[in-house]
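Residue numbers (my numbering): 17 to 694.
Glycine included, C-beta positions come from ideal geometry on N, C-alpha and C.
Predicted, not measured: the structure shown is a model, and the values here were computed from it.
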């Protein structure tokens, strides 16, 4: 096989760009919530907003767990409270979302836009700043129902653009940032004497140009930090409103700031330099600060930042997130969704609002120099483009092994198409059969994971529900149904449709049994069972390792346990783990190559593993103590250094699919002037 293996590289997928609008991190849960907005030239309507949940336990190897679409709604700010995310929207509503459950709660707070939000571990409520000058709070009553209340009002002519809170001496302080002004309010309990607010007027540099306070943050010693449209970082005494220090760190608007574990302050905005500011003294007596360096890792606006341990996560007008520390920086690859069936010559590409079906093409005859680039004798051809009703956001799509059925799932429905497409140049066969027709529609379902076999389409929905659709009888069957467990994000079913494994958002491996017997479609002879297997590391993906479905191979976020084999009966690890450095050794210690994807297991027990830099290896003897690497880490000189997703097309052909950006960011970069020169 080693001599006859053909590796095809596919760069047809064009990923749509999403900018970063806001982010918030929960260090306790190890999850990052990010608001992404579809980058479009047209500004006539609200761009598609997506709330993403990333697992950041093994920084910098973070990975995307869930995407929740908000079509027609613009989310301006997010914050964590316990294990929930609160989203402030421009229609005056607040959405409450859990990273583990599928339910979204909506609370209409006011008719005007909500621009900012904040929370404190010492308060049971989350606070929101509105366009009409009100501060609202949302908490839960005894029945766990969210209740909104009005906290304070700074005036109808004051738009609250930023907000922060701090807890001191059994009292809560709220700081609100507006145009040319900051106010600090003390929130007292019922019956207590209210305290007068502290008003801080910010002078303008230009009388005709207002100063907008874009961001606020309280340090541990209750010092208030503000970043404004003048490009200045100001440290305030929250007790009397006096200014400790003003640092003119940027040449344009400061849009965001974040504070690390060592009290290092990171500041950035339209001037995309990330400036690091540190205190000159420590502890409670820290009242002097100075710039200690900067990170030039962005080219356009930085709109939001968060810290996790030694890592800074930043994003903005660019279409990726950037993770950085003082030594290295890592960019997240474009979000790409492919499906390449094992039997057939098709490829399925999933985009935000449509899916594409392509003919893969035909491989050319290999020359004597097999290492050279060999073009396809018949190039790829686009065959069809499928949509959901009302052009809704597509959460996932999958194609059957033969390429005959395509399932497309959205936020609240799923369609299964039956396709009859010619393999020659995309023309439909000259028969009475329509090239594409709807096989079935499943309404009122939010699909989180899908998988297709030769007989069924399996789909996970809700919190912990698994259903399937039988192609022959057009019958839908509920296999497992449970409430309040956890959303299933990955689903893999065995070839004989008897066993399945899934990964949930709590980093657990779920084993399902008794899914199908010969009599199960007519008379249920066995009830499907399931149990969870706790893993020692954070799993990204999994595959069945053997045809007898006794073990699985798990791709982990940890670089020390990148690939592990797990016995399903005992949950124990089989053999030693494969490390990222062992599979993809690096000559430079500053460059960290990470395992990002792997293929299905071939009939001869082989898998293809790809890295973050675009390299790949083929591994066999997975159940043995010593695995065999058939190919050394290889990076094609014809392909950019971006990660690829591998597929086995047949016994002797492998395919590597990588994504390229559809377009550049539409935001023009700010021109930074250095040392009085352009």
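Requested in this report: Decide if residue 547 is buried, meaning its Cβ has at least 16 other Cβ atoms within 10 Å, or exposed.
Outcome: exposed
task = Report the rounded CA-to-CA distance for residue 504 versus residue 322, giving the unit in angstroms.
result = 27 Å
Closest to residue 473 by C-alpha separation, out of 479, 455, 460 and 480, would be which residue? 455
*asked:* For residue 432 and residue 423, I'd like the C-alpha separation in whole angstroms.
replied: 4 Å
**Asked** What residue range is occupied by the uninterrupted alpha helix (DSSP H) comprising residue 599?
**Response** 596-599
* Asked: In or out: residue 269 buried (at least 16 other Cβ within 10 Å) or exposed?
  -> buried
- Query: When you compare only the Cα positions, how much space is there between residue 564 and residue 517?
  - Reply: 13 Å
- DSSP beta-bridge partners for residue 310? 291
| request: Could you spell out where the beta strand (DSSP E) holding residue 193 opens and where it closes? | output: 187-194
Nearest residue (CA-CA) to residue 685, options 292, 488, 285 and 378: 285
Exercise for review: Measure the beta-carbon distance from residue 333 to residue 580 and round it to whole angstroms, keeping in mind my assumption that it falls under 8 Å.
Suggested key: Incorrect: roughly 39 Å between the Cβ atoms, too far for contact.
Check: What three-state label does DSSP hand residue 407 in the structure shown?
Finding: helix
**OP:** Take every Cβ of the region 549-568, pair it with every Cβ of the region 609-629, and state whether three or more of those distances are shorter than 8 Å.
**Re:** yes
For the structure I just gave you, are there three or more beta carbon pairs, one from the region 94-110 and one from the region 43-50, closer than 8 Å?
yes
Item to complete: Within 10 angstroms of the Cβ of residue 217, are there 16 or more other Cβ atoms? Answer buried if so, exposed if not.
Response: exposed
| query | Out of curiosity, what's the CA-to-CA distance linking residue 162 and residue 189? | reply | 22 Å
Would you give the residue range spanned by the beta strand (DSSP E) that residue 545 belongs to? 545-550
ask   = Along the chain, where does the beta strand (DSSP E) that runs through residue 278 open and close?
value = Run containing residue 278: none; DSSP gives neither H nor E here.
Under three-state DSSP, which class holds residue 233?
strand
**Item:** Beta-carbon gap between residue 125 and residue 144 smaller than 8 Å
**Value:** yes
Using DSSP with H/G/I as helix, E/B as strand and the rest coil, what is residue 91? strand
Note the first and the last residue of the continuous beta strand (DSSP E) segment covering residue 674.
669-677
ask   = Could you give the distance in angstroms between the alpha-carbon of residue 182 and the alpha-carbon of residue 484?
value = 50 Å
Out of curiosity, what's the CA-to-CA distance linking residue 80 and residue 256? 44 Å
Let me know if residue 550 comes out buried or exposed under the rule of 16 or more other beta-carbons within 10 Å of its beta-carbon. exposed
Excluding the five sequence neighbours on either side, which residues of its own chain have a C-beta within less than 6 Å of the C-beta of residue 73, listed in chain order?
46 and 554
Three-way DSSP call (helix, strand, coil) for residue 163 in this model: strand
Is there contact between the region 347-359 and the region 397-414, where contact requires at least three CB pairs shorter than 8 Å? yes
Which of the three DSSP states, helix, strand or coil, is assigned to residue 213? coil
Worksheet item: So, using beta-carbon positions, are residue 502 and residue 111 closer together than 8 Å?
Response: no
Where does residue 273 land, buried or exposed, given buried means 16+ other C-beta within 10 angstroms? buried
Distance, residue 510 Cα to residue 278 Cα | 48 Å
Quiz item: In whole angstroms, what is the alpha-carbon distance linking residue 643 and residue 574?
Solution: 19 Å
Item to complete: Kindly indicate which three-state DSSP category residue 326 falls into: helix, strand or coil?
Response: coil
Beta-carbon separation of residue 467 and residue 508 under 8 Å? yes
- Item | Neighbourhood of residue 459 by C-beta, 6 Å cutoff - its chain only, sequence neighbours within 5 removed | 429
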